[in-house]
Amino acid sequence: MDVLDIARWQFGIITVYHFLFVPLTIGLTAVIAGLETAWVRTGKEDYLRLTKFFGKLFLINFAIGVVTGIVQEFQFGMNWSDYSRFVGDVFGAPLAVEGLLAFFLESTFLGLWIFGWDKLPRGLHAGCMWLVHLGTLASSWFILAANSWMQHPVGYRFNPETDRAELIDFWAVMFNKVQLVTFPHVIFAAYMTAGTFLLGVSAYLYMKRKHEADRPMYHRAIRIGAVVTLLAGIGVGVTGDLQGKVMTEVQPMKMAAAEGLYETSESCAPFSVFTIGTPDGKEEKFAVTVPCLLSFLGTGSFDGTVEGINPLREQYVEEFGDDPTSKAFTEGDYTPVIPVTYWSFRFMMGLGFFAAAGAALILWLTRGGRTPGVRWLGTLGLSLPIATTLASSWGWIFTEMGRQPWVVFGLMTTESGVSPGVSTFEAATSLIVLTSLYALLAVVEIKLLVTYIRKGADPFVEPPDVPVGGADDDRPLTFAY
23 MDVLDIARWQ FGIITVYHFL FVPLTIGLTA VIAGLETAWV RTGKEDYLRL TKFFGKLFLI
83 NFAIGVVTGI VQEFQFGMNW SDYSRFVGDV FGAPLAVEGL LAFFLESTFL GLWIFGWDKL
143 PRGLHAGCMW LVHLGTLASS WFILAANSWM QHPVGYRFNP ETDRAELIDF WAVMFNKVQL
203 VTFPHVIFAA YMTAGTFLLG VSAYLYMKRK HEADRPMYHR AIRIGAVVTL LAGIGVGVTG
263 DLQGKVMTEV QPMKMAAAEG LYETSESCAP FSVFTIGTPD GKEEKFAVTV PCLLSFLGTG
323 SFDGTVEGIN PLREQYVEEF GDDPTSKAFT EGDYTPVIPV TYWSFRFMMG LGFFAAAGAA
383 LILWLTRGGR TPGVRWLGTL GLSLPIATTL ASSWGWIFTE MGRQPWVVFG LMTTESGVSP
443 GVSTFEAATS LIVLTSLYAL LAVVEIKLLV TYIRKGADPF VEPPDVPVGG ADDDRPLTFA
503 Y
């Protein structure tokens with residue numbers, strides 16, 4: 023393995039690992055804010071107990087997510103300095119705004135929420151978590167805007183003297199057509215992840231005899247989680263359909279690779295649910311297909327034309343030629359790794375559909391206070407958060423791997439972006455150290471979550487209803503968890 027391979031492995035491992043926490047963090051802020059708002063409006067004890075319980079689990083996830091996310095930006099300068107130099111003028115704006123505005127909004131009001139139970143009026147305290155959620159949405163918007171620029175560069179000009187892309191239209195980057203479909207798709211996926219987490223944890227606690235007295239509360243939480251999951255799943259499906267059409271327009275090679283479609287289909291391109299082919303993915307041996315579905319996914323018409331890998335490769339060679347910075351560059355490099363894109367696309371969709379269908383089934387089986395078999399409910403409930411988490415991860419793998427060999431589509435290849443001064447030993451050492459550290463953090467995360475989940479929700483303790491301006495300003499802040 024050379025430096026490029028090691029750098030790609032490191033970035034892939036850290037990105038996927040970090041993204042395990044991101045959807046759950048975004049979604050849980052909305053779920054917790056909704057639960058606390060329900061308590062403020064109804065006064066029902068269960069809502070406050072669930073708020074504090076899942077708030078505790080959220081804080082564990084948030085802390086690990088922040089720690090793992092910091093490393094992301096260091097990588098740009100360490101392993102990908104040429105890439106950073108090329109895109110710095112464009113990336114600087116959205117990432118700076120994300121850090122200065124969105125993250126500070128999250129952290130400030132999260133601090134008020136943690137320490138303000140006996141300092142703030144109930145409605146204002148609930149509003150703090152809604153502002154935390156708003157901060158997570160803003161943070162997602164700016165980060166996804168930067169990523170969407172990599173998928174579809176707009177609002178820039180290339181300066182041949184500095185060999186850099188320079189930002190000329192900030193709003194074009196912010197409202198990139200890829201961004202407009204990617205953002206809602208990711209956010210709905212985050213709500214779906216949080217919904218299954220609420221459902222799965224509650225189903226686990228519902229099963230335990232230790233928490234038998236709280237079964238009505240966990241039954242309610244199961245149904246709330248199922249509703250959130252199902253509604254968010256519908257949103258994921260609708261936005262995913264829109265995203266597929268935009269992707270076909272701006273990155274036709276990615277759609278062709280998602281299907282393993284080597285030759286252009288002029289009309290009624292089928293979508294293969296399952297395929298067995300040769301190891302290189304170039305020849306189909308057996309497939310289960312849905313007629314015309316690929317045409318609809320890519321173009322919105324069952325008779326739409328979907329371009330194939332081979333003609334697109336020829337088009338790219340004619341348009342871009344060989345990469346002038348790499349003597350090893352060949353025309354075949356314009357094609358992503360077909361088995362990875364093919365299966366990641368299907369894992370993403372299949373696991374998402376499974377989670378939505380599972381939530382719908384649980385809603386049906388728990389209607390009117392009914393409860394299915396405890397063991398059966400627990401098995402299905404625990405499988406759903408795993409499914410949505412993996413679906414999000416496979417979705418990012420597809421998004422990033424399907425763009426290859428470009429790090430910025432049409433402008434810079436991944437090979438051109440790697441740091442020229444990093445040795446194989448340095449890159450390998452960094453990979454080993456960070457992967458080991460992240461494995462340790464995974465153990466810490468799982469241990470903390472399991473410990474606090476097993477304890478269940480704490481008994482009800484009603485916080486003081488602090489009137490506006492009525493708190494004791496001299497009383498020290500207390501950590502509520």
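Going from the sequence shown to my numbering is simple: count from 1 and add 22. Backbone N, C-alpha and C fix where the C-beta goes; we use that ideal spot for every residue, glycine too.
Other residues of its chain near residue i: CB distance less than 7 Å, five sequence neighbours each side excluded
i: V208; result: S162 and L166
i: E353; result: Unreliable positioning characterises E353 in this predicted model, as indicated by a pLDDT of 45, which lies under 50. A coordinate reading is not provided.
i: P313; result: C290 and P292
i: Y213; result: G49, A52, V250 and A254
i: V109; result: A187 and V430
i: R245; result: L385 and T388
i: F86; result: The question names Phe, but residue 86 is Ile in the sequence shown. Cβ neighbours of I86 beyond the five flanking positions: F43, L463 and E467.
Cα-Cα separation, residue i to residue j
i: S348; j: T435; result: At S348, the pLDDT of 42 sits below 50, so the modelled position is not reliable and the matter cannot be decided from this model.
i: T215; j: V62; result: 25 Å
i: W31; j: I419; result: 12 Å
i: R71; j: D480; result: 7 Å
i: E467; j: G255; result: 27 Å
i: V465; j: L459; result: 10 Å
i: P274; j: P485; result: 56 Å
i: G439; j: V429; result: 7 Å
i: A461; j: N181; result: 42 Å
i: S129; j: I92; result: 15 Å
i: G432; j: F342; result: 8 Å
i: P116; j: A168; result: 7 Å
i: A29; j: T457; result: 12 Å
i: G282; j: R231; result: 50 Å
i: L146; j: R389; result: 34 Å
i: R179; j: W193; result: 14 Å
i: G400; j: I35; result: 30 Å
i: L46; j: F210; result: 11 Å
i: A52; j: L404; result: 21 Å
i: G121; j: T286; result: 44 Å
i: L132; j: K74; result: 13 Å
i: T393; j: G247; result: 15 Å
i: L26; j: E422; result: 16 Å
i: G257; j: A409; result: 17 Å
i: H40; j: F96; result: 14 Å
i: F33; j: K267; result: 28 Å
i: Q337; j: Y356; result: 10 Å
i: E183; j: D24; result: 30 Å
i: M229; j: S170; result: 43 Å
Residues near residue i in its chain [Cβ-Cβ closer than 8 Å; skip 5 each side]
i: D487; result: P143 and R144
i: P442; result: S103 and D104
i: F369; result: L412, A413 and W416
i: T59; result: A148 and W152
i: I190; result: G177, Y178 and R179
i: Y69; result: L57, E58, A60 and W61
i: V38; result: S415, W418 and I419
i: G326; result: S289, A291, S317, F318 and G320
Sequence-distant residues of the same chain with beta carbon closer than 6 Å to residue i, five excluded per side
i: Y2; result: Any answer about residue 2 is impossible in this case: the structure gives the chain only from 23 up to 503.
i: F447; result: none
i: A279; result: P358, I360, T363 and G424
i: F76; result: I54
i: A160; result: A124
i: V295; result: V310
i: I475; result: V223
i: E67; result: F482
i: S366; result: W416, I419 and F420
i: K276; result: M269 and G424
i: V272; result: H174
i: F113; result: A168
i: L127; result: G157
Nearest-angstrom beta carbon gap, residue j and residue i [assumed within contact, 8 Å]
i: R242; j: R186; result: Incorrect: roughly 55 Å between the Cβ atoms, too far for contact.
i: F80; j: L50; result: 4 Å
i: L134; j: V203; result: In fact, because the Cβ distance is near 34 Å, the residues do not count as touching under 8 Å.
i: R261; j: P206; result: The sequence as given places Thr at residue 261; Arg does not occur at that position. Contact flag correct, Cβ pair sits at about 5 Å.
i: A377; j: L406; result: 5 Å
i: N101; j: A381; result: The Cβ separation is near 40 Å, so there is no contact.
Count Cβ pairs between the segment 216-223 and the segment 243-253 that sit closer than 8 Å; are there 3 or more? yes
When you compare the segment 170-184 with the segment 198-213, are there three or more beta-carbon pairs, one atom per stretch, that lie closer than 8 Å? yes
Kindly provide the ranges of any alpha helix (DSSP H) runs that are 4 or more residues long and lie completely inside the segment 165-223, ordered along the chain. For the segment 165-223, whole alpha helix (DSSP H) runs of length 4 or above, ordered along the chain, are 192-196.
Does the segment 367-385 come close enough to the segment 442-451 to have 3 or more Cβ pairs within less than 8 Å? no
Examine the Cβ distances between the segment 310-323 and the segment 226-241 and report whether three or more of them are shorter than 8 Å. no
May I have a chain-ordered list of the alpha helix (DSSP H) segments no shorter than 4 residues that lie completely inside the segment 229-309? With a minimum length of 4 residues, the continuous alpha helix (DSSP H) runs that stay inside the segment 229-309 are 237-272 and 274-281.
Starting from the N-terminal side, write out each stretch of the beta strand (DSSP E) that is 3 residues or longer and does not extend beyond the segment 348-430. 428-430
Give the list of continuous alpha helix (DSSP H) stretches no shorter than 4 residues that lie fully inside the segment 58-102. 67-100
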